[in-house]
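If you're matching positions, the sequence shown starts at 101 in our numbering and goes up one per residue. A quick write-up on the structure given underneath.
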Amino acid sequence: MSATIIDGKAFAARVRAQVAEHITRLKSEHGLTPGLAVVLVGEDPASQVYVRNKGKQTVEVGMTSIEHRLEADTSEADLLDLVRKLNVDPKIHGILVQLPLPDHLNSELVINTIDPAKDVDGFHISNVGLLGTGQTSMVPCTPLGCLMMLRDHHGSLSGLNAVVVGRSNIVGKPMAQLLLGDSCTVTIAHSRTKNIAEVVGKADIVVAAVGRPQMITGDWIKPGATVIDVGINRIPNGEKTRLVGDVDFDSCAAVAGAITPVPGGVGPMTIACLLANTLTAACRANGLSEPSGLTA
Ligand code: GUN
């Protein structure tokens, strides 16, 4: 194996430490404590674990964490009422409504009811438009985490060929916008892309976000390329299961210059960037300078 392993766990710990340091200063110099509200509807087990981790890490960096756990049969009107209350609560700087929502709730309507300035997921249509036009926005957490790791590894990304595999609204599309913002030449490849191995083979940077276990293999990768694996897939492993990415790690690590593992790569960066976004939102709401290195 020749590739440098990009340690997302260690990177995320550094991001959280930076966030915590900034919050200590906000508290002492401005009497300001950033607050994050997380809304969970229903009892999806994976969402519960995720929300618990968010709450724990929010408190660890010195923010206020507010959790609203609503019954699975909560009406849309009640959920929208809660979002509107959080929108005008001055102690709350970030609002996250955990997805997926139960089927009877319109996710788009709920997300687009969040005040865009408090939309720390970056999913509100206003933030999508601001990012697409290169204006200041809230940026989705997972692509922001990937961008931070890429900037750290490469310094400048200018002029590099980047291929994003996957076209989701949550990762693929915003990732492509961010790479374009850093002056990469960007291609989005997806399930209908012809000669996808050849397309990926031209990339200096590959970001894999398709949700297909170990789809990208070493023979697709240009020697020395940087491979960022956003996938989290559970596959059978004897009696048990194990987590793998969208990238076949062993074969890609033999060819790539740098690669993120699964687990321990992009995964830990998502919550770290959520905390960074909440800090950014709190600074903007109070007319204070933004933390450097923690935004796009
Ligand atoms: N469910 C899984 N990941 C996420 C996320 O990043 N944001 C929200 N709102 N829901 C999720």
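We put the CB at the ideal spot given by N, CA and C, even for glycine.
Top-ranked residue by Cα proximity to residue i, from the options
i: Ala309; options: Asp319, Leu260 and Thr360; result: Thr360
i: Glu167; options: Leu250, Met248 and Gly194; result: Gly194
i: Ile371; options: His290, Asp221, Leu260 and Ser291; result: Asp221
i: Ala385; options: Ser102, His130 and Gln118; result: His130
i: Pro145; options: Gln277, Ala103, Gln198 and Val300; result: Gln198
i: Leu136; options: Cys383, Val210, Ile106 and Leu196; result: Leu196
i: Gly345; options: Gly338, Ala358, Asp189 and Ile328; result: Ile328
i: Val265; options: His253, Leu247, Arg292 and Gly387; result: Arg292
i: Val263; options: Lys322, Asp252 and Ile214; result: Lys322
Whole-angstrom distance between residue j and residue i, CA atom to CA atom
i: Gly397; j: Thr242; result: Coverage of the chain is limited to positions 101 through 396, which leaves residue 397 absent and any answer about it impossible.
i: Ile332; j: Gly162; result: 29 Å
i: Arg342; j: Gln314; result: 12 Å
i: Ala376; j: Ser258; result: 24 Å
i: Ser283; j: Met369; result: 23 Å
i: Leu205; j: Arg184; result: 16 Å
i: Lys302; j: Val271; result: 21 Å
i: Glu121; j: Ala396; result: 19 Å
i: Asp173; j: Pro240; result: 28 Å
i: Ser226; j: Arg334; result: 34 Å
i: Gly311; j: Ser207; result: 21 Å
i: Ala289; j: Phe111; result: 27 Å
i: Arg114; j: Gly255; result: 17 Å
i: Leu250; j: Leu278; result: 11 Å
i: Ile105; j: Pro190; result: 42 Å
i: Lys294; j: Val300; result: 11 Å
i: Leu132; j: Arg125; result: 9 Å
i: Leu388; j: Val139; result: 27 Å
Extent of the continuous alpha helix (DSSP H) to which residue i belongs
i: Leu396; result: Looking at the sequence provided, one finds Ala at residue 396 rather than Leu. Run containing Ala396: none; DSSP gives neither H nor E here.
i: Thr124; result: Gly108 to His130
i: Ile371; result: Gly367 to Ala385
i: Ala276; result: Gly272 to Gly281
Contact check, residue i vs residue j, beta carbons under 8 Å
i: Gly155; j: Ser147; result: no
i: Glu402; j: Thr380; result: Outside the shown range of the chain (101 to 396) lies residue 402, about which nothing can therefore be said.
i: Ile305; j: Ala325; result: yes
i: Lys109; j: Gly364; result: yes
i: Ser237; j: Leu231; result: yes
i: Gly229; j: Gly281; result: no
i: Thr285; j: Asn261; result: yes
i: Leu186; j: Ile192; result: yes
i: Ile316; j: Val347; result: yes
i: Val330; j: Cys383; result: no
i: Val210; j: Leu180; result: yes
Contact test: residue i Cβ vs the ligand NAP heavy atom, cutoff 7 Å
i: Val151; result: Among the ligands in the structure shown, the ligand NAP does not appear; only the ligand GUN can be found there.
Extent of the continuous beta strand (DSSP E) to which residue i belongs
i: Leu136; result: Gly135 to Val141
i: Thr287; result: Thr285 to Ala289
Exercise for the section: With a floor of 4 residues, list each alpha helix (DSSP H) that falls wholly inside the stretch 294-356, ordered by position along the chain. Expected result: You should have 296-300 and 349-353.
Practice task
Report the residue ranges of all alpha helix (DSSP H) runs contained in full by the stretch 146-227; include only those spanning at least 4 residues, in chain order.
Solution key: 176-187 and 207-213
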